Amino acid sequence: MQLAKYVKFRQEKFGGVLFETRSEKVYALNPTAAAVVREIQAGTPEDQIPARLKASYDADEAARIDREAMVFAQQLRERGLIVED
Numbered sequence: 013m014q015l016a017k018y019v020k021f022r023q024e025k026f027g028g029v030l031f032e033t034r035s036e037k038v039y040a041l042n043p044t045a046a047a048v049v050r051e052i053q054a055g056t057p058e059d060q061i062p063a064r065l066k067a068s069y070d071a072d073e074a075a076r077i078d079r080e081a082m083v084f085a086q087q088l089r090e091r092g093l094i095v096e097d
């Protein structure tokens with residue numbers, strides 16, 4: 013899985029921004045969503061992303077991460093922002 017060729021990511025203080033250059037759409041990402049995108053860029057398999065993110069968050073937040081990371085990846089896929097390798 014990787015970002016589509018027309019999608020660019022930029023890290024920001026608040027999280028990050030995804031630019032979809034074909035339609036000129038801009039998506040503001042919170043820190044967790046930005047972390048998911050960084051893992052995608054790093055080539056982390058989708059099923060391993062939640063485990064990698066959990067290491068960065070406290071136990072209370074870790075309970076939500078599995079579901080949120082997978083839902084977000086699915087939303088990116090549905091919008092054509094990520095593609096399979």
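Numbering (the working numbering) for the sequence shown: 13 to 97.
We put the beta carbon where it would ideally sit given N, CA and C, even for glycine.
Predicted, not measured: the structure shown is a model, and the values here were computed from it.
So, is G28 buried or exposed, given that buried needs 16 or more other C-beta atoms within 10 angstroms? buried
Apply the 10 Å Cβ neighbour rule to V38 and answer buried if 16 or more other Cβ atoms are within range, or exposed otherwise. exposed
Helix, strand or coil at L41 according to DSSP, with G and I counted as helix: strand
Are A54 and Q23 closer than 8 angstroms when you measure CB to CB? no
For R34, which of helix, strand or coil comes out of DSSP? coil
Distance between I61 and Q86 (C-alpha atoms, nearest Å): 13 angstroms
Reducing DSSP to helix, strand and coil, say where R91 ends up. coil
Is it buried or exposed for F84, if we count other Cβ within 10 angstroms and need 16 for buried? buried
Beta carbon proximity, V38 to chain B, threshold 8 angstroms: The question asks about chain B, but that chain is absent: this structure has only one protein chain.
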